[in-house]
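In what follows, a single structure is set out as structure tokens and then discussed.
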Amino acid sequence: MDMSAEPAGLDELLHPTTESVPNFTTPLQPPTTVAMTTTIKPSQGPALACQGPVTSFAGRQAIQDDRDATNGALLRDHSFLPDNAEKVWYLPTFSGNTIEEYRTMDDFVAGNVSTTYRLPGSAGRGGMAWWGQGHVVYNNSLYYQRYPDCMSYGYDCSNEKAQIVRYDLSLRAFTALQSLPVAQLSPWAGGPSHVYLAVYDGGVWVIGVNNGILHLTKLNANDLSVEETIDTEYTFPSSNIPPFIACGKLYVIVPDTKFSGDRMQSGHGPPRYARTAFILDLSTKQKDTATEAWYCLPMDSRRYFSFNSRETKVYTVERNAFVSYNVTIGGPYLTDPAMFCSF
Numbered sequence: 049m050d051m052s053a054e055p056a057g058l059d060e061l062l063h064p065t066t067e068s069v070p071n072f073t074t075p076l077q078p079p080t081t082v083a084m085t086t087t088i089k090p091s092q093g094p095a096l097a098c099q100g101p102v103t104s105f106a107g108r109q110a111i112q113d114d115r116d117a118t119n120g121a122l123l124r125d126h127s128f129l130p131d132n133a134e135k136v137w138y139l140p141t142f143s144g145n146t147i148e149e150y151r152t153m154d155d156f157v158a159g160n161v162s163t164t165y166r167l168p169g170s171a172g173r174g175g176m177a178w179w180g181q182g183h184v185v186y187n188n189s190l191y192y193q194r195y196p197d198c199m200s201y202g203y204d205c206s207n208e209k210a211q212i213v214r215y216d217l218s219l220r221a222f223t224a225l226q227s228l229p230v231a232q233l234s235p236w237a238g239g240p241s242h243v244y245l246a247v248y249d250g251g252v253w254v255i256g257v258n259n260g261i262l263h264l265t266k267l268n269a270n271d272l273s274v275e276e277t278i279d280t281e282y283t284f285p286s287s288n289i290p291p292f293i294a295c296g297k298l299y300v301i302v303p304d305t306k307f308s309g310d311r312m313q314s315g316h317g318p319p320r321y322a323r324t325a326f327i328l329d330l331s332t333k334q335k336d337t338a339t340e341a342w343y344c345l346p347m348d349s350r351r352y353f354s355f356n357s358r359e360t361k362v363y364t365v366e367r368n369a370f371v372s373y374n375v376t377i378g379g380p381y382l383t384d385p386a387m388f389c390s391f
């Protein structure tokens with residue numbers, strides 16, 4: 049089998065004719081990055097107050113307790129589109145092809161699905177199924193990591209690069225596909241994808257790993273062309289929380305051992321607190337490994353940890369259930385969580 053060839057039907061999905069997909073003025077052309085006419089413009093809305101770093105996660109709110117959310121992702125649009133202000137999108141599994149849309153968070157809790165989107169293909173069979181939990185919705189488009197061909201067709205994944213897809217929810221059509229220049233796939237199928245997406249400065253940022261080193265790639269939100277790459281030169285540690293971007297800074301958070309050591313040694317469960325291990329300013333490229341900021345954040349094992357820039361909230365999974373935290377930007381760091389945290 050020629051493993052370099054695209055799976056059957058993929059070319060048709062990414063390069064439809066003007067008759068098959070409305071609003072395109074010319075047929076899409078064959079480059080990996082696909083040109084399109086439905087252009088994203090920066091949405092207008094209240095400016096996110098980014099006067100400082102992330103200093104706390106507070107106001108924990110349980111969202112959904114009666115379904116296993118371990119492998120799922122709960123998404124809100126990062127843009128300020130009025131029609132999407134209350135909408136929720138749910139991708140229930142680590143890999144799959146059916147996206148559920150809900151009008152409000154209350155509808156999600158009640159299980160009242162308003163719309164479903166079915167992507168062609170499923171995990172293990174090629175097509176356009178997603179992989180991982182690092183997805184984002186921005187300006188009514190879903191951005192996600194495509195299920196890799198090497199796993200679909202059973203060949204060596206060691207040289208495979210992660211692929212990012214833009215799926216326009218309004219058109220119900222794929223509008224761009226991009227192979228990342230550096231981000232490798234995870235070496236195991238059931239583990240974390242090592243690719244997490246974020247929205248900042250009008251672009252889609254990809255947080256990936258190459259030979260154990262964190263790499264960032266900024267993609268154009270329209271055609272997914274590569275606008276910038278950053279080699280952080282930082283070895284990604286074993287952590288219960290995926291790295292994330294908030295207010296122009298990349299954060300790597302690890303379980304605390306300084307304040308949680310007694311709890312761990314006594315067998316009373318995982319660390320109660322988290323602390324920063326690495327902060328990178330995306331504009332100045334300044335790296336910070338000296339700051340030790342602690343957060344009142346139970347260190348449950350989690351693969352889904354998504355900061356929403358519009359709401360200034362984090363959505364994550366704890367004990368198999370979706371929860372959210374309000375994120376505080378600016379102010380002093382917490383230096384002794386044992387005095388202030390309660391779980």
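For the sequence shown, the numbering used here assigns the number 49 to the initial residue and increments by one for each residue that follows.
Each residue gets a CB set at the ideal place from its N, CA and C atoms; glycine is no exception.
* Asked: For F284, which option in G296, C295, L272 and N258 has the closest C-alpha, if you only look at C-alpha atoms?
  -> With distances taken between Cα atoms, F284 lies closest to N258.
* To do: Can you tell me which of the three DSSP states S200 falls into?
  => Three-state result, S200: helix.
* Grab me the residues of Y381's own chain with a C-beta within less than 6 Å of its C-beta, minus the 5 sequence neighbours each way, in chain order. => T103 and A341
* Asked: Out of V185, A221, N187 and Q226, which has the shortest C-alpha to C-alpha gap to Y195?
  -> Q226
* To do: Using the Cα positions of V136 and P290, report the straight-line distance between them to the nearest angstrom.
  => 21 Å
* To do: Give, in chain order, every unbroken run of the alpha helix (DSSP H) that is at least 4 residues long and sits entirely within the region 323-358.
  => none
* Extent of the continuous alpha helix (DSSP H) to which D279 belongs -> Run containing D279: none in the alpha helix (DSSP H); it sits in the beta strand (DSSP E), V274 to T283.
* CB-CB under 8 Å to T164, same chain, minus the five flanking residues each way: which ones, in chain order? -> T146, I147, E148 and E149
* Asked: Within the 7 Å Cβ cut-off, does P303 reach chain D?
  -> Chain labels in this structure do not include chain D; a single protein chain is all it has.
* Asked: Can L298 and L328 be called in contact, C-beta distance under 7 Å?
  -> yes
* Asked: Hey, which unbroken runs of the beta strand (DSSP E) at 3 residues or more fall wholly within the region 92-140?
  -> 102-112, 121-123 and 136-139
* May I ask which residues mark the beginning and end of the alpha helix (DSSP H) holding V157? => M153 to A158
* To do: Quickly, what does DSSP pair Q232 with across the bridge? List them, please.
  => The partner list for Q232 (beta bridge, DSSP) reads K209.
* To do: Using 10 angstroms around the beta-carbon of D154, count the other beta-carbons present and answer buried if the total reaches 16, otherwise exposed.
  => So D154 counts as exposed.
* Could you spell out the range, first to last residue, of the beta strand (DSSP E) harbouring N270? => First-last for N270: undefined, no H or E at that position.
* Secondary structure at I289, three-state DSSP: helix, strand or coil? -> In the structure shown, I289 sits in coil (DSSP, three-state: anything other than H, G, I, E or B).
* Asked: If we call anything under 7 Å between Cβ atoms a contact, is T324 one with T339?
  -> Yes, these two residues count as a Cβ contact at 7 Å.
* To do: Kindly indicate the opening and closing residues of the beta strand (DSSP E) around Y165.
  => T163 to R166
* To do: For A117, collect the residues of the same chain with a Cβ closer than 7 Å to its Cβ; drop the 5 residues on either side in sequence, then sort them by chain order.
  => V365, N368, A369 and F370
* Could you check which residue in S218, V213, C205 and A246 has the C-alpha nearest to that of L129? => S218
* Excluding five sequence neighbours on each side, which residues of the same chain lie with their C-beta closer than 7 Å to the C-beta of E281? -> I261
* To do: Return helix, strand or coil for T81, following the three-state DSSP convention.
  => For T81, the pLDDT reaches just 33, beneath the cut-off of 50, and the residue's location in the model is therefore unreliable, leaving the point undetermined.
* Do you know offhand how far L123's Cα is from H183's? -> 8 Å
* Asked: With DSSP run on the structure shown, which of helix, strand or coil describes S218?
  -> coil
* Answer with buried or exposed for T337, where buried requires no fewer than 16 other C-beta atoms within 10 angstroms of its C-beta. => Taking all protein chains shown into account, T337 has fewer than 16 neighbouring C-beta atoms within 10 Å of its C-beta and is therefore exposed.
* To do: Would you list the residues sitting across from H242 in a DSSP beta bridge?
  => In the DSSP output, where bridge partners are listed per residue, H242 has none listed.
* For R194, name the three-state secondary structure that DSSP assigns. => Residue state, collapsed to three classes: strand.
* To do: May I have the straight-line CA-CA distance separating D249 from Q193, to the nearest angstrom?
  => Straight through space, the alpha carbons of Q193 and D249 are spaced by roughly 20 Å.
* Considering only residues of the same chain and omitting the five flanking positions on each side of K335, which have a CB-CB separation below 6 Å? -> L328
* Asked: Whole-angstrom Cβ separation of D125 and V213, contact assumed at under 8 Å?
  -> Contact doesn't hold; Cβ gap of about 17 Å is too wide.
* N258 - DSSP class collapsed to helix/strand/coil -> strand
* To do: Tell me where the beta strand (DSSP E) around L298 begins and ends.
  => K297 to P303
* **Pairwise C-alpha distance: R358 and N132** => 11 Å
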